[in-house]
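The next block holds one structure in the form of structure tokens; read it before the comments.
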Amino acid sequence: MTKKPISDTATETVAAQLFERPGGGERAALVQLDDGRRAVDEGLAELAALAESAGAEVVERLVNRRDRPDPRYFLGRGKVDELRERLASAGADLVLVNHTLTPAQERNLEQALQCRVLDRTGLILDIFAQRARTHEGKLQVELAQLRHIASRLVRGWSHLERQKGGIGLRGPGETQLEMDRRMLGHRIKQLEKRLERVRRQRGQGRQSRRKRELPAVSLVGYTNAGKSTLFNRLAHEGVYTADQLFATLDTTLRRIDLPGGEAAVFADTVGFISDLPHQLVAAFRSTLEEVVEADLLVHVVDAAADNRGDQVRDVEAVLEEIGAGEVPVLTVYNKIDLLGQPPRVDRDASGVARAVWVSAVSGEGLGELITVVGERVGAQRAHGRLRLGAAEGRLRALLYQSGDVIDEQVLDNGDCLLEVSLPQREAERLRCHEGLPTFVE
35 MTKKPISDTA TETVAAQLFE RPGGGERAAL VQLDDGRRAV DEGLAELAAL
85 AESAGAEVVE RLVNRRDRPD PRYFLGRGKV DELRERLASA GADLVLVNHT
135 LTPAQERNLE QALQCRVLDR TGLILDIFAQ RARTHEGKLQ VELAQLRHIA
185 SRLVRGWSHL ERQKGGIGLR GPGETQLEMD RRMLGHRIKQ LEKRLERVRR
235 QRGQGRQSRR KRELPAVSLV GYTNAGKSTL FNRLAHEGVY TADQLFATLD
285 TTLRRIDLPG GEAAVFADTV GFISDLPHQL VAAFRSTLEE VVEADLLVHV
335 VDAAADNRGD QVRDVEAVLE EIGAGEVPVL TVYNKIDLLG QPPRVDRDAS
385 GVARAVWVSA VSGEGLGELI TVVGERVGAQ RAHGRLRLGA AEGRLRALLY
435 QSGDVIDEQV LDNGDCLLEV SLPQREAERL RCHEGLPTFV E
């Protein structure tokens, strides 16, 4: 089976009909701007990992020290000439820029270098297009790609750029552009409608889980932090894992038993990354709602990463952007096997577990993690004594069925005095549907 070149996706095939662009290949040169605000080595290392995840071979690297990007070429004119020479000597046919380019900068670089140019957003979109497996994932990626293409549509018709419009000057260029805009707009609306149906279906699924009173736990974290490996360990599943960025995109839900006879629904979600394209955040709204609606977020951190602090901040920024900043968080430091550290649980002054140190590969610390998750999702519990009359046998049976009765006394008049402890949501449900009385002093 022949390996497809980078960016050779279904949406790119459609885009090829709209754009006259140089062909892309798999031998890539990386470009990083050094403006003094970001570690250059870390930025290039992550871009190289993204390139390898997309199937490219990195053969050249270029760093340009500038306070701000050049408005025309992004790089300085001298660096553009240097890059052209280095592309020729290395045999590279693709340039990957670790920043967001304007449509004009991307067009001008392609014309000057005579090769395909992708910015960080385009590269991440390409990886997502390769990784999406489910129908929903493919729809989300296509929507993000089309929104990205629509912002760059006008530059594609260079052979008609003389048609400027105006009285007596309207020609086929403007007509074709309008046709292309309408075609893209129509397809985008179709995808938005389909994804809205998927969003409603996900909402119904969450509602049914709420009715069964199952707490929701979502695994979040920087891409390649080990979320899917940890999920596989906890759920005894076979979700695809690999030592690469964005190995898995599609959300997987599984019920996992917790200590004390309780259970929770765990969700393995898409990984985050610094400067995550807004098109993806918008397109993956239905998937990311699993995060927003969760009772607890398990933030998986690569404990062995040199820049783990930056990765944590990037994940927290995305959580704020999607509206999940107020959801309770349990931090899980993964890959302690690479650090040679034993598993442990970090608690605050009040005894609440805030972090767990584990190894998803070796399984160390997973028992402690499950225990802590049980503590955190069951932390908001209603505890007290209830007085039930002889006619309230159904309610008494439901309390025993939940396993929440700690002690029972039969009073002289036949009433029962029960000491119970149950999740707050369960208490509210029984109060609404079964007439659960208030606790007695």
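Going by our numbering, the sequence shown opens with residue 35, and the numbers climb by one from there. Every residue gets a Cβ at the ideal spot worked out from N, C-alpha and C, and that includes glycine.
Which class does residue i belong to by DSSP, given the choice of helix, strand or coil?
i: Thr-263; result: helix
i: Ala-461; result: helix
i: Ser-123; result: helix
i: Phe-162; result: helix
i: Leu-248; result: coil
i: Tyr-434; result: helix
i: Ser-455; result: strand
i: Thr-303; result: coil
i: Leu-225; result: helix
i: Thr-155; result: helix
i: Ala-79; result: helix
i: Cys-466; result: helix
i: Val-361; result: coil
i: Val-346; result: helix
i: His-133; result: coil
i: Leu-390; result: Here the sequence assigns Val to residue 390, which means Leu is not the residue at that position. Reduced to three states, the DSSP call for Val-390 is strand.
i: His-169; result: helix
i: Ala-62; result: strand
i: Asp-68; result: strand
i: Gln-443; result: strand
i: Ala-416; result: strand
Just the C-alpha distance for residue i and residue j, rounded to the nearest angstrom, thanks.
i: Val-93; j: Arg-61; result: 6 Å
i: Arg-288; j: Ala-269; result: 7 Å
i: Arg-72; j: Asp-371; result: 29 Å
i: Leu-128; j: Glu-91; result: 10 Å
i: Ala-79; j: Leu-470; result: 58 Å
i: Val-361; j: Val-406; result: 16 Å
i: Arg-477; j: Asp-336; result: Nothing can be reported for residue 477, as the shown portion of the chain is limited to 35 through 475.
i: Gly-305; j: Glu-426; result: 49 Å
i: Arg-120; j: Asp-101; result: 23 Å
i: Glu-76; j: Arg-410; result: 35 Å
i: Val-454; j: Ala-250; result: 23 Å
i: Ala-328; j: Ala-63; result: 41 Å
i: Glu-195; j: Asp-214; result: Any reading at Glu-195 is ruled out, since the residue's pLDDT is 47, under 50, leaving its predicted position unreliable.
i: Arg-221; j: Gly-70; result: 41 Å
i: Asp-344; j: Gln-179; result: 27 Å
i: Met-217; j: Lys-369; result: 48 Å
Give me, in chain order, the residues of the same chain whose beta-carbon lies closer than 6 Å to that of residue i; leave out the 5 immediate sequence neighbours on both sides.
i: Val-175; result: Phe-162, Ala-163 and Ala-166
i: Asp-68; result: Val-74, Val-97 and Arg-99
i: Arg-186; result: Pro-137
i: Leu-452; result: Leu-420, Val-439 and Glu-442
i: Ser-308; result: Asp-348
Could you pull out every residue in the same chain whose Cβ sits closer than 8 Å to the Cβ of residue i, ignoring the five residues on either side in sequence?
i: Gly-359; result: Glu-350 and Leu-353
i: Asp-248; result: Before going further, note that residue 248 is Leu rather than Asp in the sequence given. Here the set comprises Arg-289, Ala-297, Ala-298 and Val-299.
i: Leu-429; result: Leu-422, Leu-464, Glu-468, Gly-469 and Leu-470
i: Leu-135; result: Phe-108, Leu-143, Val-151 and Asp-153
i: Gly-125; result: Arg-61 and Val-93
i: Ile-404; result: Leu-268, Ile-290, Leu-292 and Pro-293
i: Thr-303; result: Ser-252, Leu-253, Val-254, Lys-261, Thr-285, Thr-321, Leu-322, Glu-324 and Val-325
i: Gly-219; result: Ala-184
Cutting at 7 Å between CB atoms, please list the residues of its own chain near residue i, excluding the five before and the five after it.
i: Gly-397; result: Arg-267
i: Gly-408; result: Leu-292, Pro-293, Gly-294 and Glu-296
i: Ile-290; result: Leu-268, Ala-269, Ala-297, Ala-298 and Phe-300
i: Arg-381; result: Ala-387 and Arg-388
i: Val-379; result: Ala-387, Val-390, Glu-402 and Val-406
i: Asp-461; result: Correcting the residue identity first, residue 461 is Ala in this sequence and not Asp. Once the five neighbours on either side are set aside, the close Cβ partners of Ala-461 are Ala-416 and Leu-470.
i: Phe-473; result: Gly-418, Arg-419 and Leu-420
i: Thr-365; result: His-333, Val-335, Arg-388 and Ala-389
Using only the heavy atoms of the ligand NAD, determine whether one of them is closer than 7 Å to the beta carbon of residue i.
i: Arg-410; result: With respect to the ligand NAD, the structure shown offers nothing to examine, as it has no ligands at all.
Taking residue i and residue j to be in contact with their CB atoms under 8 Å, please state how far apart those CB atoms are, rounded to whole angstroms.
i: Ala-88; j: Leu-157; result: 6 Å
i: Val-315; j: Lys-261; result: 18 Å between Cβ atoms; not a contact.
i: Leu-225; j: Leu-173; result: 6 Å
i: Leu-147; j: Arg-118; result: 5 Å
i: Leu-373; j: Ala-338; result: 6 Å
i: Val-395; j: Pro-377; result: Not really, about 13 Å apart at Cβ, beyond 8 Å.
Taking 8 Å as the CB-CB cut-off, is residue i touching chain C?
i: Thr-285; result: The question asks about chain C, but that chain is absent: this structure has only one protein chain.
* Asked: Between the region 108-118 and the region 142-153, do three or more beta carbon pairs fall short of 8 Å?
  -> yes
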